[in-house]
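To start, the structure under review is shown below, and the notes come after it.
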Amino acid sequence: MSIPISTALQSTLASEHMEQRPASKKIRLVFISLLAIGIGALVSLIAKLLISLINLVTNIAFFGSFSLAEASPGHHHLGMWVIIVPVIGGIIVGFMALYGSRAIRGHGIPEAMEQILTNNSKIKPTITYLKPLSSAIAIGTGGPFGAEGPIIATGGALGSTLGQLLKISHQERKVLLAAGATAGMSAIFGSPIAAIFLAIELLLFEFSAASILPVALACITGAAGHHFLFSSGPVFAIAQTIATPSNPALFLYSIEGILIGLLSVAVTKAVYWLEELFEHLPVHWMWWPAIGGLAVGIIGYFHPNTLGVGYNNITDVLSGSPTLKVIALLFLFKFLSWAIALSSGTSGGTLAPLLTIGGAAGALTGMAFQYFFPQLDVSVSLAALIGMSAMFAGASRALLTSILFALETTGQVHALLALLAACALAYFISFYLMEHTIMTEKIARRGVRTPVNYTPDVLEQYQVKDVMSNDALLISSDSRIADVKQWLDQHPDTRASYFIITGSDNKLSGVVSSSSLLSDHQDPAARVDSLIKRKSAWVQENGSLKMAVETMLRFDVDLLPVTDKNQVVVGSINYKNIMTAYQHVRNASEQKQVHISLKRQTLKLLIKGNRLVHRNPGKPQRSEGKA
């Protein structure tokens with residue numbers, strides 16, 4: 001008599017596959033989203049605290065006053081003593097890196113990317129307070145950095161720390177890290193959409209509901225925090241409205257995108273060339289930030305507007321009001337100050353300096369266009385906006401982030417077409433001339449590869465029924481071991497690593513390995529189902545190949561029975577079937593031929609048979625298919 005699968009076994013199998021149920025995934029998504037909202041709110045407060053700390057250090061270092069009021073170090077009255085201030089800041093940061101954590105060095109995003117790719121998104125909790133403190137000291141003493149890099153690193157560390165305290169998966173921890181990092185950017189600039197795309201292009205390396213929704217909610221929360229704690233208007237407001245450019249002007253702006261793309265490559269290579277020079281210095285790396293601070297102080301003495309965050313420089317350049325000389329000097333000396341300081345390994349960000357350098361270069365380009373093509377009505381403000389956006393697009397290859405950031409922080413929607421053309425061309429130049437970006441070069445030198453292509457997951461494109469084998473060998477659960485062995489001896493071509501055991505109603509009872517079935521130590525008179533010693537794994541025919549692979553890995557098996565919704569066995573799937581699917585998609589993507597498809601073809605054409613139709617309960621049988 002055949003023994004059908006028991007109710008207890010069905011319950012066990014269902015519990016093993018519980019995580020595959022859509023309802024469970026949705027509940028989990030709600031939980032992670034709520035955590036992301038909380039992280040976004042907390043990061044907004046940290047962003048306010050960081051800005052206040054920068055103001056406090058700036059007032060103490062340059063003006064000798066204990067105040068949280070906003071102050072620009074460029075308005076100091078220290079004379080030549082200003083050279084010493086960044087050096088002192090560099091010494092303090094060096095000691096914090098040596099005795100606190102080396103992870104505070106750098107501008108934050110590459111370090112977050114490295115932890116995502118190599119360390120299951122685990123960042124040391126100490127970074128949560130060491131990074132903003134060290135950055136406040138570095139920037140407050142004149143470091144030519146933006147506050148966005150440190151808060152991105154701090155938010156990422158906060159999300160990662162929470163993810164390490166809770167019982168969540170590596171994927172969910174990555175989402176919380178990205179949510180904290182991008183919520184920080186949104187809190188500083190009030191640019192939630194650009195922050196979401198920053199997560200996609202530089203942190204998540206994927207696009208799915210499970211990752212995008214928590215990040216989006218965190219960014220919205222960060223933007224609300226910006227409006228509540230800072231201001232509700234655009235960060236880089238432009239007084240005049242930029243008009244939609246004409247086609248000839250659009251062509252010039254596209255040329256500008258190519259030029260800025262070349263400049264972004266030069267800037268990136270210069271930064272890492274300087275970093276290599278620092279690595280050859282005969283002094284301990286702890287002293288490098290002080291050496292970088294010395295360069296910052298000297299440059300700041302002659303050009304005070306290069307000191308500190310310098311968001312006001314970006315606004316001035318976008319307004320188009322500074323003279324040619326002022327913009328040219330800002331471009332040259334801001335680049336030198338920032339590149340030397342960043343290469344020294346101090347703590348600070350890259351976004352604001354890149355925007356300043358790119359905006360100044362764009363304004364200079366716009367002035368040149370006005371001189372040589374006065375009839376085309378080129379706008380210096382629009383050229384500056386394109387320059388700052390294209391610089392970030394070329395240096396980081398975060399194309400969509402760059403475009404949306406420019407729109408959100410200025411509110412100039414008519415610049416969209418020109419931004420799209422220029423940033424795309426800058427991206428193309430960077431991609432063609434440079435293997436790595438300013439965000440990935442450092443970690444690439446450590447052997448860490450970052451994803452560059454976002455293609456559909458082959459394992460999720462096809463269902464199990466598209467690639468399963470329909471000629472699986474089935475053994476009746478009430479068969480005697482001796483009879484099965486005799487049958488297998490008479491049919492040597494049917495040998496397999498595993499055998500599927502089913503009841504008389506074709507429902508799955510379990511899987512038995514060939515080593516167990518053919519062992520000489522087994523009782524020949526015993527029933528085959530007595531050899532089932534472990535929880536069985538299976539996959540339904542409408543499940544994805546990804547689900548099949550995850551089940552194989554979880555149960556450490558090479559073959560899975562395939563069932564319908566009633567647990568009736570309809571076939572089997574193994575690694576060879578899955579590799580066949582991958583090879584099929586890969587070959588199809590590489591074909592270079594004219595082909596018009598009139599009918600969708602599936603991988604079923606590669607597999608013989610279609611459906612199990614009958615079995616003989618007394619003997620091992622293969623599933624038979626229709627012609």
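Under full-length UniProt numbering, the final residue of the sequence shown carries the number 627; numbering is consecutive throughout. Think of the CB as a built atom: it goes at the ideal place given N, C-alpha and C, for glycine as much as any other residue.
A Cβ-Cβ distance of about 15 Å is found for the pair K325 and T306, leaving them out of contact under the 8 Å criterion. Apart from the 5 residues on each side of it in sequence, P73 sits with its Cβ closer than 6 Å to the Cβ of T58, F62, G142, L307 and G308 in its chain, given in chain order. Sequence-distant Cβ neighbours of L229 in its own chain, meaning closer than 8 Å and more than five residues away, are S44, L45, A47, K48 and A187.
Around the beta-carbon of P150, 16 or more other beta-carbon atoms lie within 10 Å, marking it buried.
For L158, the closest of E70, S497 and K174 by C-alpha to C-alpha distance is K174. In the three-state DSSP reduction, N55 falls in the helix class (H, G or I). Assigned with DSSP and collapsed to three states, P561 falls in strand.
No residue range can be given for V283, since it is assigned to no beta strand (DSSP E) and is classified by DSSP as neither H nor E. In this structure, A361 sits away from I386, with a CB-CB distance that is not shorter than 7 Å. For R28, the secondary structure class from DSSP, reduced to helix, strand or coil, is helix.
Scanning its chain for C-beta atoms nearer than 8 Å, with the 5 sequence neighbours on each side dropped, one finds around T244 the residues H414 and L417, in chain order. Contact between the region 178-198 and the region 223-238 is present: three or more C-beta pairs spanning the two stretches fall below 8 Å.
Proximity to T182 across V267, A41 and L294 peaks at A41, based on C-alpha coordinates. With a contact defined as Cβ atoms closer than 8 Å, G345 and W285 qualify at about 6 Å. From the listed residues R527, S515, R480 and S476, the smallest Cα separation to T502 is found for S476.
Closest by C-alpha distance to L202, out of N55, G156 and Y432, is G156.
The C-beta distance from A179 to A218 rounds to 4 Å, short enough to meet the 8 Å contact threshold. Rounded to whole angstroms, the gap between the alpha carbons of K576 and S514 is 18 Å. Between I314 and L355, the CB-CB gap stays under 7 Å. Separation of A496 and L559 (C-alpha to C-alpha, rounded to the nearest whole angstrom) is 10 Å. Secondary structure of I501 (DSSP, three-state): strand. In terms of Cβ geometry, E441 and Y272 form a close pair [threshold 7 Å]. With respect to the 7 Å criterion, G359 and I83 are not classified as neighbours on the basis of their beta carbons. Judged by their CB atoms, T409 and F236 are nearer to each other than the 7 Å cut-off.
One alpha carbon belongs to S232, the other to A339, and they sit about 32 Å apart. The C-alpha of P192 is placed about 13 Å away from the C-alpha of G411. In this chain, the beta strand (DSSP E) harbouring L508 covers L508 to S513. For F431, the closest alpha carbon among the candidates P125, Y301, T268 and K533 is that of T268. Just so you know, the alpha carbons of H280 and T118 end up roughly 27 Å apart. Secondary structure at G74: helix, using DSSP grouped into helix, strand and coil. The continuous alpha helix (DSSP H) containing L217 extends over residues A209 to L229.
In this model, P125 and I92 are separated by some 20 Å (Cα to Cα). Taking a 10 Å sphere around the C-beta of D556, we find fewer than 16 other C-beta atoms and assign the residue as exposed. With fewer than 16 other CB atoms across the displayed protein chains lying within 10 angstroms of its CB, T323 is exposed.
Your pair N506 and V568 checks out as a contact, with CB atoms roughly 5 Å apart and the cut at 8 Å. At a Cβ-Cβ threshold of 7 Å, S134 and I109 do not count as neighbours.
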